[in-house]
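Okay, structure first, notes after.
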Amino acid sequence: MKMKQTASQEIFALLETINQNLGEQVIRSYLQAGNQLVFHIPATSISQAATWLFHQFTDITLATVVASHEPPAGKNDAQFGVDFLFNIRQPQAWVILKIELPEASPSYPAISPTIPAANWFEREIHDLFGIRATGTHLEPLVLHRDWPRPGHYPMRKDYTPAGIPIAEVPHQFHLTEGPGRHQVAVGPIHAGIIEPGHMRFNVTGEKIHQFNVQLFYTHKGIEKMAEGKTVQDGLNLAEHACGMCAFSHSVAYAMAAESLASIQSPERASYLRTILLEMERLANHFWDLSAICQAGGFPFGAMLAAGFRETIVQICHDLTGHRFMRGINTIGGFKRDIANSRLKQACRDLLCMRKEFDEWQALILGKGSLLDRLEKTGVITKLTARNVGLVGPAARGSGISQDVRRDYPYLMYGKFPPTIPTYPTGDALSRTKVRIDEVSVSIRLIEFLANNMPEGPVLEEDMPSYRAHQPGIMMVESAKGSLVHWLVLDETGRIDRWHVRSASYMNWRGVAEATIGDNIVPDAPLVNKSFNLCYACVDR
Amino acid sequence: MLRMFQLWLQTTGKTLTLPRPKGGSETRLHSNPKEMLEFRRGARKALTRSLLVRHLDVGSNNAEEAELVALGGPLYDLAQYGVDFTASPRHADVLAVTGPVTRQLKVALERTYAATPNPKLVMAIGDGACYGSAYETSYACLGPVDQFISVDIYVPGDPPSPRELIQAFLTCKQLLAERN
Numbered sequence: 076m077k078m079k080q081t082a083s084q085e086i087f088a089l090l091e092t093i094n095q096n097l098g099e100q101v102i103r104s105y106l107q108a109g110n111q112l113v114f115h116i117p118a119t120s121i122s123q124a125a126t127w128l129f130h131q132f133t134d135i136t137l138a139t140v141v142a143s144h145e146p147p148a149g150k151n152d153a154q155f156g157v158d159f160l161f162n163i164r165q166p167q168a169w170v171i172l173k174i175e176l177p178e179a180s181p182s183y184p185a186i187s188p189t190i191p192a193a194n195w196f197e198r199e200i201h202d203l204f205g206i207r208a209t210g211t212h213l214e215p216l217v218l219h220r221d222w223p224r225p226g227h228y229p230m231r232k233d234y235t236p237a238g239i240p241i242a243e244v245p246h247q248f249h250l251t252e253g254p255g256r257h258q259v260a261v262g263p264i265h266a267g268i269i270e271p272g273h274m275r276f277n278v279t280g281e282k283i284h285q286f287n288v289q290l291f292y293t294h295k296g297i298e299k300m301a302e303g304k305t306v307q308d309g310l311n312l313a314e315h316a317c318g319m320c321a322f323s324h325s326v327a328y329a330m331a332a333e334s335l336a337s338i339q340s341p342e343r344a345s346y347l348r349t350i351l352l353e354m355e356r357l358a359n360h361f362w363d364l365s366a367i368c369q370a371g372g373f374p375f376g377a378m379l380a381a382g383f384r385e386t387i388v389q390i391c392h393d394l395t396g397h398r399f400m401r402g403i404n405t406i407g408g409f410k411r412d413i414a415n416s417r418l419k420q421a422c423r424d425l426l427c428m429r430k431e432f433d434e435w436q437a438l439i440l441g442k443g444s445l446l447d448r449l450e451k452t453g454v455i456t457k458l459t460a461r462n463v464g465l466v467g468p469a470a471r472g473s474g475i476s477q478d479v480r481r482d483y484p485y486l487m488y489g490k491f492p493p494t495i496p497t498y499p500t501g502d503a504l505s506r507t508k509v510r511i512d513e514v515s516v517s518i519r520l521i522e523f524l525a526n527n528m529p530e531g532p533v534l535e536e537d538m539p540s541y542r543a544h545q546p547g548i549m550m551v552e553s554a555k556g557s558l559v560h561w562l563v564l565d566e567t568g569r570i571d572r573w574h575v576r577s578a579s580y581m582n583w584r585g586v587a588e589a590t591i592g593d594n595i596v597p598d599a600p601l602v603n604k605s606f607n608l609c610y611a612c613v614d615r
Numbered sequence: 014m015l016r017m018f019q020l021w022l023q024t025t026g027k028t029l030t031l032p033r034p035k036g037g038s039e040t041r042l043h044s045n046p047k048e049m050l051e052f053r054r055g056a057r058k059a060l061t062r063s064l065l066v067r068h069l070d071v072g073s074n075n076a077e078e079a080e081l082v083a084l085g086g087p088l089y090d091l092a093q094y095g096v097d098f099t100a101s102p103r104h105a106d107v108l109a110v111t112g113p114v115t116r117q118l119k120v121a122l123e124r125t126y127a128a129t130p131n132p133k134l135v136m137a138i139g140d141g142a143c144y145g146s147a148y149e150t151s152y153a154c155l156g157p158v159d160q161f162i163s164v165d166i167y168v169p170g171d172p173p174s175p176r177e178l179i180q181a182f183l184t185c186k187q188l189l190a191e192r193n
């Protein structure tokens, strides 16, 4: 209790500090849901306020930017809201800078000139809502060039999709010209089994000068589809946002909803969720390590890592009945319990695998031909990593010690904090090493939790009603980095606005930064695989 | 694990030894057209036919892709059935399509289909590609794959298991053999 007191005092102190410094720029400010500091700011001074905030605190990151549309109701005029969501590590709090914009030609000064991480958010909001960020170039991002502009903004509430024609309009890329300069185009249909995306290299011989990437081919509009659905139906969409991090999305969504109902999952369910989140991390890391070996020209290591991944996926199937752990998590806990005997068996399987993994690790880290490919390939400096807002193993590989599990603990991570490996060099090798180290950490954590399982129910039966018109925010560390779910419900308990910011969304700009520089074209697949990002949960 | 690799190195040498031609002369296999024909017949009988697959993602959520990649891994080893993934649709017998068709990938779907030579088969993998019903309210999705190109084999699932996928690929081989 005493701890809680001091924590909330710190948050109030933070509220005061920000209020004093922003001064007259704040229209009104308040604390909601225990840890959300909300500042209403006039649209014209958002850039100034966000810049001050971002440079004032060293442990602050831009989590996401969420726009929402409120259609006219009664005497209220229609308007847009844009929420700039920052997270501060000490004290643990969300800082929300909120601006409101009129229906007619909404615009605000862009924050991306000083906070480059905001670039994609501004472009996405312009595409989907038609809200302009002034002072930056709003290149089409989510909706490709054939989408009719202006006039068709799908995320506005009054938008009706009515037969928008599909035309082949070529993409435009920022490329340089010079003697011997030419372009290499890759995708959207790749040579391997990868999701669709178009990459355009600007090269002289083998040297890469410019690298442009065009994503959002698989944009399915799931955020819009969720609107008007019940919270339970939304969970299904969240699970299908991504295949590789399905369970992380599921937990993030469920916990955002739980925070709106002010409930917590029972202790046993929290243990199980933590175990399964770590299982998913293992599956993803083995997948990534396999891809890195493959791209680095070492198929033997790749095949073994793929074998490890298959083992993990089969354990997941054994525990939950689904290879990607869909359909077991729900709001308030788990739909069914997992027997202790199964968890013990899973631990035994993990232990066997771990011995093989140790051998694998020695093999990989002693393989000169592979290390030669990984070292000094795709370097990202710490400064660049912070500026573009990298998350997860990519950030930790650039020397940024950052992990949601330790910094903003949730579930059992507060009680049993994992050790966070960091490597300073920022190349493909350090990103590989981060993953290798995290595998051992995860296995230890799973073993510990499975051997200390509390008994009890796994589902919170008593569900109070959800708070309306207030965001439920949850950040979860998936294998690729932090992902944020933002959930707002209306009075009837249906979804008003749901926003997903996945880990890959932040890291794609890292791939672009890492590819240019000292690399040649054959390095590009390796750089890409050292991040090994999803497309599906970026495109949504 | 490493011991397994050494074992494999030892055994492969043995299994790969080819029987010497009769008479023991240095006749190479392709020098005699008659022998070559016999060899081809024998090989075809023994190996039936191969199947090259081009994977085509038109809006899936990465789960189907994960399973397709797993098929190439050490456990399922799809190559043992004579099935392999190819980089170009021009070499493909089968298009393995995943996901409900998004509007930004419709052109890619049609072009890849056109680039695949006949006779070709189309396989719709996963609930999205087979039914697309979960996405019918979306402004960015157009519908299941069979609204745009004719589909020969449906493999529903969320995603379908590796075993179902292997079965589907073997069915593809059968279908192609029947059609020829």
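Going down the list, the protein sequences come from chains R and E. When we follow my numbering, the leftmost residue of the first sequence carries the number 76, and every step to the right adds one. When we follow my numbering, the leftmost residue of the second sequence carries the number 14, and every step to the right adds one. Ideal Cβ positions, reconstructed from N, Cα and C, are used throughout, including at glycine.
If I measure Cβ to Cβ from residue i and keep anything under 7 Å in the same chain, skipping five residues before and after, which residues do I get?
i, result
"R/Glu355", "Cys320, Phe322, Ser323, Met400 and Ala554"
"R/Ala578", "Val466, Gly467, Ser553, Lys555, Gly556, Ser557 and Leu558"
"R/Arg542", "Leu335"
"E/Ala76", "Pro172"
"R/Thr251", "Asn277, His284 and Gln285"
"R/Gly262", "Pro271, Gly272, His273 and Met274"
Go through its chain and collect everything with a Cβ distance to residue i's Cβ below 8 Å, but skip five positions before and after it.
i, result
"E/Val135", "Val107, Leu108, Val110, Tyr126, Val158, Ile162, Ser163, Val164, Asp165 and Ile166"
"R/Met230", "Ala142, His144, Leu203, Phe204, Glu298 and Lys299"
"E/Leu122", "Leu69, Val71, Val110, Val114, Val158, Phe161 and Ile162"
At a CB-CB cut-off below 7 Å, which residues of chain R make contact with residue i?
i, result
"E/Arg116", "Ile241"
"E/Ala142", "The premise fails here: E/Ala142 is roughly 12 Å from chain R at the closest Cβ pair, so nothing lies under 7 Å."
To the nearest angstrom, how far is it from the Cα of residue i to the Cα of residue j?
i, j, result
"R/His397", "R/Ser120", "49 Å"
"E/Tyr148", "E/Glu191", "35 Å"
"R/Ile171", "R/Lys304", "26 Å"
"E/Gln187", "R/Gln389", "29 Å"
"R/Gln369", "E/Pro87", "14 Å"
"R/His315", "R/Gly255", "45 Å"
"R/Phe383", "R/Cys391", "13 Å"
"E/Tyr144", "E/Asn74", "15 Å"
"R/Gln154", "R/Ile116", "15 Å"
"E/Leu178", "E/Ala79", "12 Å"
"R/Gly267", "E/His104", "14 Å"
"R/Trp435", "R/Phe361", "11 Å"
"R/Glu506", "R/Gly253", "Checking the sequence shown, residue 506 of chain R turns out to be Arg, not Glu. Each residue's alpha carbon lies about 34 Å from the other."
"R/Pro240", "R/Ile206", "23 Å"
"R/Ala329", "R/Lys410", "12 Å"
"R/Ala331", "R/Asp593", "42 Å"
"R/Glu566", "R/Leu106", "21 Å"
"R/Glu243", "E/Ser174", "36 Å"
"R/Ala344", "R/Met549", "17 Å"
By the criterion of Cβ-Cβ separation under 9 Å, what are the contact partners of residue i in chain R?
i, result
"E/Asp171", "His315, His397, Phe399, Arg401 and Gly402"
Identify the contact partners of residue i in chain E, using a Cβ-Cβ distance below 7 Å as the criterion.
i, result
"R/Ala266", "Ala100"
"R/Pro236", "Tyr152"
Would you list the residues sitting across from residue i in a DSSP beta bridge?
i, result
"R/Asp158", "R/Val141 and R/Lys173"
"E/Leu134", "E/Val107"
"R/Asn287", "R/Arg275"
"R/Arg506", "In the DSSP output, where bridge partners are listed per residue, R/Arg506 has none listed."
"R/Met550", "R/Val559"
"R/Ala208", "R/Tyr183"
"R/His257", "R/Val278"
"R/Leu564", "R/Ile570"
"R/Arg576", "R/Val559"
Leaving aside the five residues before and after residue i along the sequence, list all residues of the same chain whose C-beta is less than 6 Å from its C-beta, in chain order.
i, result
"R/Ala460", "Ala470, Ser473 and Ile475"
"E/Val66", "Phe98, Val107 and Ala109"
Taking C-beta pairs closer than 8 Å, name the residues in chain R that residue i reaches, listed in chain order.
i, result
"E/Val158", "What E/Val158 touches in chain R: nothing, since even the nearest Cβ is about 14 Å away."
Starting from the beta carbon of residue i, find every residue of chain E whose beta carbon is closer than 8 Å, and list them in chain order.
i, result
"R/Ala611", "Ser73, Asn74 and Asn75"
Given that residue i touches chain E, what residues does it touch there, using C-beta distances under 9 Å?
i, result
"R/Pro263", "Asp70, Gln117, Leu118 and Ala121"
- Query: According to a CB-to-CB cut-off of less than 8 Å, which residues of the stretch 377–390 of chain R neighbour chain E?
  - Reply: Met378, Leu379, Ala381, Gly382, Arg384, Glu385 and Val388
- Return the residues of the stretch 120–147 of chain E that lie within a Cβ-Cβ distance of less than 7 Å from chain R, sorted by chain order. Val120, Ala121 and Thr125
- When you check each C-beta in the stretch 283–305 of chain R against every C-beta of chain E, which residues fall closer than 8 Å? Closer than 8 Å at the C-beta level to chain E, one finds these residues of the stretch 283–305 of chain R: Phe291, Tyr292, Thr293, His294, Lys295, Gly296, Ile297, Lys299 and Met300.
- Task: Output, in sequence order along the chain, the residues in the stretch 315–329 of chain R whose CB is closer than 8 Å to any CB in chain E.
- Result: Of all residues in the stretch 315–329 of chain R, the ones placed with a Cβ closer than 8 Å to any Cβ belonging to chain E are His315, Ala316, Cys317, Gly318, Met319 and Ala321, in chain order.
- Query: Name the residues in the stretch 82–106 of chain E whose C-beta lies less than 7 Å from a C-beta of chain R; which are they?
  - Reply: Val82, Ala83, Gly86, Pro87, Leu88, Phe98 and Ala100
- Message: Under 7 Å, CB to CB, which of the residues in the stretch 212–230 of chain R have a partner in chain E?
- Response: The residues in question are His219 and Pro229.
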